[in-house]
Amino acid sequence: MRKNIVAGNWKMNKTLQEGVELAKGVEAALNERTPNCDVIIGTPFIHLATIAATVDTKKLGVSAENCADKVSGAYTGEVSAAMVASTGAEYVILGHSERRAYYGETAEILKEKVLLALANNLKVIFCIGEVLEEREAGKEFDVVKAQIEESLFNLSAEDWSKIILAYEPVWAIGTGKTATAEQAQEMHAFIRKTVAEKYGEEVAEATSILYGGSCKPSNAKELFANKDVDGGLIGGASLDVEQFMGIVDAF
Ligand code: 13P
């Protein structure tokens with residue numbers, strides 16, 4: 003059966019020293035409990051190697067927040083999937099709405115990134131989600147379906163065992179405005195149906211679909227109680243051990 007997962011996305015926060023402290027704090031808190039979910043932290047590139055060497059990555063997964071769409075070469079400032087994998091990180095977040103909106107990441111670019119991540123044995127946390135105007139125009143299902151189709155439907159059924167989806171309605175990210183449990187469940191069920199139509203029930207049932215967008219200890223339980231919500235991708239609340247653990251404990 004599919005896994006429940008709580009993953010943090012630190013975004014562009016924390017110096018290396020602060021990040022190591024936070025990772026150690028999360029690991030210590032995990033050692034005090036038996037979580038009913040996998041726990042992952044997504045950190046800036048520059049933290050990855052140190053954090054992956056510091057924590058027990060079997061207990062606390064480590065993820066990059068991005069990787070390049072090229073194998074290697076003259077791409078100043080870029081970080082390849084192979085480099086990410088070489089740090090000991092096991093996951094990479096791709097397609098985050100902030101990458102799509104601020105760094106011009108198109109469906110085509112993301113398709114390349116996913117292929118390179120998988121070729122380097124990384125598991126991909128792939129983000130999808132509509133902006134407010136799209137929801138207000140009733141286009142949220144079309145938008146999300148297209149995001150999945152355009153970047154992931156070239157993959158094999160076997161590849162899908164390494165794909166985790168994260169539905170992050172852009173209007174809920176960092177706004178304090180969470181999707182209701184009903185809105186999340188409705189979209190997650192739609193996403194699972196979309197995957198099932200292409201790859202069959204078995205692949206769809208095995209795919210973890212996380213919710214992201216102002217997820218907090220106070221609303222995580224209600225969100226995670228839904229049949230098709232298999233956990234969360236957490237921004238702001240992942241920067242604090244107590245808050246992050248409050249979400250882990252919702253399972
Ligand atoms: P917040 O939890 O800060 O709303 O961010 C969600 C997110 O974008 C996680 O990737």
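Read in order, the letters of the sequence shown are residues 3 to 253 in the numbering used here. No residue lacks a Cβ here, since even glycine has one placed at the ideal position from N, Cα and C.
Quick check: does the Cβ of residue i come within less than 7 Å of any heavy atom belonging to the ligand 13P?
i    : result
N68  : no
N1   : For the chain, the structure presents residues 3 to 253; residue 1 sits outside this window and is missing.
H49  : no
H98  : yes
A103 : no
D132 : Looking at the sequence provided, one finds Glu at residue 132 rather than Asp. Outside the cutoff, so no.
E1   : The structure shown has nothing for residue 1, since the chain only spans 3 to 253.
I7   : no
S216 : yes
I42  : no
I211 : no
I236 : yes
F181 : Rather than Phe, the amino acid found at residue 181 in this sequence is Ala. Checking the Cβ of A181 against the ligand 13P gives no.
G176 : yes
A30  : no
A252 : no
A119 : no
A239 : yes
What is the C-beta distance between residue i and residue j, in whole angstroms, given that I count them as a contact (C-beta under 8 Å)?
i    : j    : result
C39  : V250 : 6 Å
A54  : T89  : 5 Å
I175 : S210 : Not a contact, Cβ separation roughly 19 Å.
With burial defined as no fewer than 16 other Cβ atoms inside 10 Å of the residue's Cβ, what is the status of residue i: buried or exposed?
i    : result
V73  : exposed
D58  : exposed
R2   : Past the boundaries of the shown model lies residue 2; the chain is included only from 3 to 253, so the question cannot be answered.
Y104 : exposed
Q149 : buried
M3   : exposed
R35  : exposed
G202 : exposed
T182 : exposed
S153 : buried
T17  : exposed
K60  : exposed
D71  : buried
S65  : buried
A252 : buried
T177 : exposed
A25  : buried
N68  : buried
If you compare alpha carbons, which of the options is closest to residue i?
i    : options                   : result
D1   : R4, G27 and G97           : As shown, the chain starts at 3 and ends at 253. That puts residue 1 outside it, with no answer to give.
N11  : G21, K5 and M3            : G21
K147 : D161, S158, A159 and C129 : C129
N6   : G248, G233 and L154       : G233
C217 : S210, G97 and E170        : E170
K113 : A84, N156, A208 and L124  : N156
K229 : K200, F192 and G237       : F192
N122 : Y93, T180 and E160        : Y93
G97  : A76, A119, G79 and A91    : A119
In this structure, what does DSSP give as the bridge partners for residue i?
i    : result
A9   : I42 and L235
S158 : In the DSSP output, where bridge partners are listed per residue, S158 has none listed.
C129 : A168
I95  : I127
V64  : I43
G214 : L235
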